[in-house]
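**Student:** Take this structure first; my questions come after.
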Amino acid sequence: MRAQSIKKRFGGVTALSGADFDLRSGEVHVLLGSNGCGKSTLCKVISGVVRPDSGTVSVKDQLMEDITPRLSRERGVGVVYQELSLIPGLSVARNILLGMEQANGLGILRDSKNGEALEEIFSDFRGLFPREFSLDTLVQGLSPDLQQLVEIMKVLARDPEILIFDEPTASLSKEQIDLFFGILERLKAKHKGIIFISHKLEEIFRVGDRITIMRGGRHVGCSDLSDITRDEIVNLMVGDIFHSEYRKSSPSGSGKELLGGCGLSGKTIRGIDFSLRQGEILGLGGLQGQGQRSFLLTLFGVEPLQEGQLRREGREVSLRSPKQAMRESLAYISGDRKKYGVFLIRSILENLFVSRVILSRVPLFRRKTLKESAGPVIRDLGLVYDTLDKPVSTLSGGNQQKVIIGRWLLNDPAVILMDDPTKGVDVKTKKDLYELMERMCQAGCSVIWNSSDDQELLQNADRVLVFREGRVIRELQGSDLNEETLYRAALGMDDPAGEGR
1 MRAQSIKKRF GGVTALSGAD FDLRSGEVHV LLGSNGCGKS TLCKVISGVV RPDSGTVSVK
61 DQLMEDITPR LSRERGVGVV YQELSLIPGL SVARNILLGM EQANGLGILR DSKNGEALEE
121 IFSDFRGLFP REFSLDTLVQ GLSPDLQQLV EIMKVLARDP EILIFDEPTA SLSKEQIDLF
181 FGILERLKAK HKGIIFISHK LEEIFRVGDR ITIMRGGRHV GCSDLSDITR DEIVNLMVGD
241 IFHSEYRKSS PSGSGKELLG GCGLSGKTIR GIDFSLRQGE ILGLGGLQGQ GQRSFLLTLF
301 GVEPLQEGQL RREGREVSLR SPKQAMRESL AYISGDRKKY GVFLIRSILE NLFVSRVILS
361 RVPLFRRKTL KESAGPVIRD LGLVYDTLDK PVSTLSGGNQ QKVIIGRWLL NDPAVILMDD
421 PTKGVDVKTK KDLYELMERM CQAGCSVIWN SSDDQELLQN ADRVLVFREG RVIRELQGSD
481 LNEETLYRAA LGMDDPAGEG R
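Residue 1 is where the sequence shown starts when you use UniProt numbering, and the numbers rise one by one after that.
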């Protein structure tokens, strides 16, 4: 398989700027890069999920024009994404065979050949499942690691020539990983080509044959893994990046502690200690999906705190719901506007004041009063709108995000939890948000900022907590706030408990 000069833009954001990639039969080719480098978009182009603006993809020297997921599958491409595509209410067998059934005049029937293929696939995976496991088990009753294995079996059942694995071991135990790597070796022996996305260096050097490193939407290096070192990989990921615009860190301990925690453990976080001081921006760094979002959701009472103590200005507090967090003057701003942000069919005005209504004991407000209260915040945000009575769905993505921010500013928060707030917004809106957060901090507010954009994080944070597998493995501040130090920590190279040494 060969992808050449692939370009793709999403609005004003360039995801791929001339990316090249090739895959040989019988090899594991690792695709590596920092957050937002374009590797996921490239894989979606190869699998037909995303149509490129320009460039070509060919399989066995045959050009794939007007790529679609169906065409990609017909050419032998199979993908195991991080987001599972299973149907919880169906059995494991039905999920694996879904779309492979044979039809006749009486309806859809199970194909006996597919049933035989299913048994053959499961024989390779049997050692990864508990003894009581059955193919008739409903997917919804399986743990996340077993669901991940079912997803892998679902793809392998179609016998693809090219396999794309996007962080396939993220939820697997060490024993399951060892057995899974044995399956990869057998696939290589069958001359399958495998694209392997992982940020675990131990895994990369264990199973990979070649590695392509991406930065800024294009490949910046390709090498046999036997000919490259860990330090060389980090240097290629970092490149030559200008540093002078980074935010000057606040003097250590310059403000009182607004929020802190000791030994915090929850859904996917373990033993986290932190302290947030007044006027400070505390960044959450590392590779995506390492516990940063879960940490914020735990602080805001969405996910339960299982162990540890939370402090609010020195007082021990228990934040078991968003309402309790809001009463402690915490705000949560998410980049996922549809899930955690706006109510699309409601008016702009209703969206602005929904959190105040939740907090009010007598939630009755006059519209004229609400509009007058919203005026200063709307002007400060630079919100572009027709009338406040129009549905929020009539606004652009950037202005919808400003509505979410305005909602919390109207509550006068002390601590703002920001979860990738600039995701999918334009450059001007990003700049407006950066300036607004700076003004908020100068006024005495504090911010905990999770971002999938490493440059954004380094430019705006006073300190950065680097997450890896649910733990904080390093705190960066001062001269350590740079790409190389961040990437080394994120890859586990500076973690005594990690694999990167």
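Every residue, glycine too, gets a C-beta built ideally from N, C-alpha and C. Keep in mind the model is a prediction, meaning the values are calculated, not measured.
Three-state secondary structure (DSSP) at Met440?
**Tutor:** helix
**Student:** Going by the beta-carbon positions, is the gap between Asp227 and Arg210 smaller than 7 Å?
**Tutor:** no
**Student:** Classify Leu266: buried if its beta carbon has 16 or more other beta carbons within 10 angstroms, exposed otherwise.
**Tutor:** A small correction: the amino acid at residue 266 is Gly; Leu does not occupy that position in the sequence shown. Classification for Gly266: buried.
**Student:** What distance in whole Å lies between the Cβ atoms of Pro391 and Ile345, which are believed to be in contact at a cut-off of 8 Å?
**Tutor:** 6 Å
**Student:** Run through the DSSP bridge pairs and tell me what Thr14 is partnered with.
**Tutor:** Arg9
**Student:** According to DSSP, which residues form a beta bridge with Asn450?
**Tutor:** DSSP output for Asn450 lists Leu284 and Asp419 as bridge partner(s).
**Student:** Run through DSSP, which three-state label would Leu465 get?
**Tutor:** Residue state, collapsed to three classes: strand.
**Student:** Could you tell me the distance, in whole angstroms, from the CA atom of Leu135 to the CA atom of Ala331?
**Tutor:** 45 Å
**Student:** In chain order, what are the residue ranges of uninterrupted alpha helix (DSSP H) at least 4 long that sit wholly in the region 255-303?
**Tutor:** 292-299
**Student:** In the region 323-355, which residue ranges form an unbroken beta strand (DSSP E) of at least 3 residues, counting only runs that do not cross its ends?
**Tutor:** 330-334
**Student:** Can you name the start and end residues of the alpha helix (DSSP H) that Met237 belongs to?
**Tutor:** Arg230 to Val238
**Student:** If you draw a straight line from the C-alpha of Gly283 to the C-alpha of Arg327, how long is it?
**Tutor:** 23 Å
**Student:** Which residues in the same chain have their Cβ closer than 6 Å to the Cβ of Gly285, if we skip the five residues on either side of it in sequence?
**Tutor:** Leu457, Val464, Val466 and Leu486
**Student:** Inspect the beta-carbon positions of Ile195 and Ile164 and report whether they are closer than 7 Å.
**Tutor:** Cβ atoms of Ile195 and Ile164: closer than 7 Å.
**Student:** Can you list, in chain order, the residues of its chain whose CB lies under 7 Å from that of Arg312, leaving out five sequence neighbours each side?
**Tutor:** Leu259 and Glu328
**Student:** Please classify Gln442 as buried or exposed, where buried requires at least 16 other C-beta atoms within 10 Å of its C-beta.
**Tutor:** exposed
**Student:** Cα-Cα, which of Arg367, Thr422, Gln290 and Ile87 is closest to Glu469?
**Tutor:** Gln290
**Student:** By the 10 Å Cβ neighbour count, where 16 or more other Cβ atoms means buried, how is Lys44 classified, buried or exposed?
**Tutor:** By the neighbour-count rule (16 or more Cβ atoms within 10 Å), Lys44 is buried.
**Student:** Can you say whether Ile404 is buried or exposed, counting buried as having 16 or more other CB atoms within 10 angstroms of its CB?
**Tutor:** buried
**Student:** What do you get for Ala490, buried or exposed, if any count of 16 or more other CB atoms within 10 angstroms of its CB means buried?
**Tutor:** buried
**Student:** Let me check understanding here. Comparing Cα to Cα, which of Pro160, Leu349 and Ile269 lies closest to Tyr385?
**Tutor:** Leu349
**Student:** If you drop the 5 nearest sequence neighbours on each side, which residues of the same chain put their C-beta closer than 8 Å to that of Lys371?
**Tutor:** Leu349 and Leu388
**Student:** Let me know if Lys428 comes out buried or exposed under the rule of 16 or more other beta-carbons within 10 Å of its beta-carbon.
**Tutor:** exposed
**Student:** Give the DSSP-derived three-state secondary structure of Glu316 in the structure shown.
**Tutor:** The DSSP-derived three-state label of Glu316 is strand.
**Student:** Leu128 to Leu156, Cα distance in whole Å?
**Tutor:** 15 Å
**Student:** Express the C-alpha separation of Ser40 and Asp462 in angstroms, rounding to a whole number.
**Tutor:** Each residue's CA atom was taken as its position, placing Asp462 and Ser40 some 29 Å apart.
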